[in-house]
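Asker:
Number of protein chains: 2
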Amino acid sequence: MKAETIQRSLEDSGLRCTAQRYAVMAFLMEHKGHPTAAEIFEGVNRLDPRSSRATTYNNLRDLVKAGLVSEVAVEGRAGRFDAKGTRHHHFICDRCGSVEDMDWYNVPKPASRSLGKRVVRECQLIFRGLCTKCAARRASR
Amino acid sequence: MKAETIQRSLEDSGLRCTAQRYAVMAFLMEHKGHPTAAEIFEGVNRLDPRSSRATTYNNLRDLVKAGLVSEVAVEGRAGRFDAKGTRHHHFICDRCGSVEDMDWYNVPKPASRSLGKRVVRECQLIFRGLCTKCAARRASR
DNA sequence: ATATTAGATTAGATATATTCTAATTATTCG
DNA sequence: CGAATAATTAGAATATATCTAATCTAATAT
Ligand SMILES: [Mn+2]
Ligand SMILES: [Mn+2]
Ligand SMILES: [Zn+2]
Ligand SMILES: [Zn+2]
Numbered sequence: 017m018k019a020e021t022i023q024r025s026l027e028d029s030g031l032r033c034t035a036q037r038y039a040v041m042a043f044l045m046e047h048k049g050h051p052t053a054a055e056i057f058e059g060v061n062r063l064d065p066r067s068s069r070a071t072t073y074n075n076l077r078d079l080v081k082a083g084l085v086s087e088v089a090v091e092g093r094a095g096r097f098d099a100k101g102t103r104h105h106h107f108i109c110d111r112c113g114s115v116e117d118m119d120w121y122n123v124p125k126p127a128s129r130s131l132g133k134r135v136v137r138e139c140q141l142i143f144r145g146l147c148t149k150c151a152a153r154r155a156s157r
Numbered sequence: 017m018k019a020e021t022i023q024r025s026l027e028d029s030g031l032r033c034t035a036q037r038y039a040v041m042a043f044l045m046e047h048k049g050h051p052t053a054a055e056i057f058e059g060v061n062r063l064d065p066r067s068s069r070a071t072t073y074n075n076l077r078d079l080v081k082a083g084l085v086s087e088v089a090v091e092g093r094a095g096r097f098d099a100k101g102t103r104h105h106h107f108i109c110d111r112c113g114s115v116e117d118m119d120w121y122n123v124p125k126p127a128s129r130s131l132g133k134r135v136v137r138e139c140q141l142i143f144r145g146l147c148t149k150c151a152a153r154r155a156s157r
């Protein structure tokens, strides 16, 4: 049951499972397109408007801090968010800017000479190019 | 001679080599720390204030479009820029947010099944963790 | 059960980053 | 030169995110 899964993961992270916080988490799990804070705010309030902008931002911050959500590194102004599920990489379309998940695969670590005394926590791969839709569009012209 | 190199690369891209545009390019080539637009604006105007904020942004946009500069994908509000030199990856520090270059190495392409009809133009690797300075700081406590 | 406390939410104000507008200046080309 | 095009500018406008201080809610203590 998804509801209980969300509730438990929130509480395991020391966060109360409030209606607003739950809604952000549920929205992210249902929408895999890496929505912005504004889209999440709008989506959460579409049915039953009951979360303020500040709360949406607060909860996103808390969820990221708790490790349940990640902010995707994209150039461009608005942050984009992602419920942390299975590991994956990302593909960003040059034309339409959409951010899509790509199957995860292991990436070789950098040479320790190049790494120096840095400590690597994670490593993410971002592909750029044309998404399926935009590639088709371009081909048909 | 660097000046001529910059001039030529601008003109080859169909951009006039104006004082302001040149200054943005030169600043980026001298400062490898991936400065923000605000830092570039400030840096360019430190000696002889003669570039407006709008022009700094306009030129950054034009240089990115021409492929001479790239915007680094970082989460966080301000865009960070990079003169495109030799290929490299990036390391972003969890603690201080600094963005450092890492030696480039080839990354295996995704399985074509996973790629679908997408067209990959490039692939960049972002490492996260603690930079040399922050790792030392943490160790000494 | 009531009081106390810490956690969460809210509207609106504020801050920050970027883009737009319309006027001006500089450069190119016929 | 004169027209056309490109670039720059100050400041206004927009977009995104955070802060503030008041209020509300839930958890715990008495
Ligand atoms: Mn994702
Ligand atoms: Mn770089
Ligand atoms: Zn696309
Ligand atoms: Zn650091």
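Note that the protein sequences, when read in sequence, are chains L and H.
According to my numbering, the stretch in the first sequence is residues 17 to 157, in order.
According to my numbering, the stretch in the second sequence is residues 17 to 157, in order.
Built from N, CA and C at the ideal position, the CB exists for glycine as well.
(1) Any heavy atom of ligand 4 closer than 6 angstroms to the CB of H:S156?
(2) Any idea which residues DSSP pairs L:S25 with across the strands?
(3) Report the residue from L:Y121, L:D117 and L:K125 whose alpha carbon sits nearest the alpha carbon of L:K48.
(4) Name, please, each residue of chain H whose Cβ falls closer than 7 angstroms to the Cβ of L:C112.
(5) Inspect the beta-carbon positions of H:V88 and H:D78 and report whether they are closer than 7 angstroms.
(6) Taking the alpha carbon of H:L31 as the reference point, which residue from H:R134, H:V135 and H:A82 has its own alpha carbon closest?
(7) For L:M17, does the count of other Cβ atoms within 10 angstroms reach 16, so buried, or fall short, so exposed?
(8) For a test of the three-state rule: what should DSSP assign to H:E8, helix, strand or coil?
(9) What residue ranges within the region 45-103 of chain H form continuous beta strand (DSSP E) runs of no fewer than 3 residues, ordered along the chain?
(10) Could you please give me the residues that DSSP links to H:R144 through a beta bridge?
(11) Listed from N- to C-terminal order along the chain, which residues in the region 130-148 of chain L have their beta-carbon within a distance smaller than 8 angstroms of any beta-carbon of chain H?
(12) Beta-carbon within less than 7 angstroms of H:R111's beta-carbon, same chain only, minus the 5 sequence neighbours each way: which residues are those?
(13) Tell me which residues share the same chain as H:M45 and place their Cβ nearer than 6 angstroms to its Cβ, disregarding the 5 neighbours each side in the sequence.
(14) Alpha carbon to alpha carbon, how far is H:E138 from L:L141?
(15) Shorter than 7 angstroms from the beta carbon of H:R95 to some beta carbon of chain L?
(16) So, does the CB of H:M118 fall closer than 7 angstroms to a CB anywhere in chain L?
(17) Distance check for L:T72 and H:S25, CA to CA, integer angstroms please.
Answerer: Taking the coordinates as given:
(1) Taking the first residue of the second sequence as position 1, residue 156 of chain H is located at position 140. False, no ligand heavy atom lies under 6 angstroms from that Cβ.
(2) As a first step, residue 25 of chain L must be located in the first sequence, where it is residue number 9. The partner list for L:S25 (beta bridge, DSSP) is empty, contrary to what the question assumes.
(3) As a first step, residue 48 of chain L is located in the first sequence; it is residue number 32 there, counting from the start. The residue with the shortest Cα to Cα distance from L:K48 is L:D117.
(4) On the first sequence, position 96 is the one that residue 112 of chain L refers to. Those within 7 angstroms of L:C112 in chain H number zero; the least Cβ separation is about 12 angstroms.
(5) As a working note, residue 88 of chain H is residue 72 in the second sequence. As a working note, residue 78 of chain H is residue 62 in the second sequence. Going by C-beta atoms, H:V88 is not nearer than 7 angstroms to H:D78.
(6) The residue labelled residue 31 of chain H in the question sits at position 15 within the second sequence. Looking at the Cα atoms, H:A82 is the closest of the given residues.
(7) For the purposes of this step, residue 17 of chain L is identified with residue 1 of the first sequence, where counting begins at 1. By the neighbour-count rule (16 or more Cβ atoms within 10 Å), L:M17 is not buried but exposed.
(8) Within the shown structure, residues of chain H are numbered from 17 to 157, placing residue 8 of chain H beyond reach of any answer.
(9) 85-88 and 96-99
(10) Mapped onto the second sequence, residue 144 of chain H falls at position 128. According to DSSP, H:R144 bridges with L:E138 and H:I108.
(11) S130, L131, G132, K133, R134, V135, V136, R137, E138, C139, Q140, L141, I142, F143, R144, G145, L146, C147 and T148
(12) Numbered from its first residue, the second sequence carries residue 111 of chain H at position 95. For H:R111, where only same-chain residues beyond five positions count, the Cβ hits under 7 angstroms are L146 and C150.
(13) Counting from one through the second sequence, the residue named residue 45 of chain H turns up at place 29. A99, listed in sequence order.
(14) Position 122 of the second sequence holds residue 138 of chain H. Position 125 of the first sequence holds residue 141 of chain L. Near 11 angstroms, if we compare the C-alpha coordinates of L:L141 and H:E138.
(15) The sequence position of residue 95 of chain H within the second sequence is 79, counting from 1. It should be noted that the sequence gives Gly, not Arg, for residue 95 of chain H. Yes, contact with chain L.
(16) Residue 118 of chain H sits at position 102 when you count from the first residue of the second sequence. Judged by the 7 angstroms Cβ criterion, H:M118 is in contact with chain L.
(17) Here residue 25 of chain H refers to the residue found at position 9 when the second sequence is read from its first residue. Here residue 72 of chain L refers to the residue found at position 56 when the first sequence is read from its first residue. One C-alpha to the other measures close to 45 angstroms.
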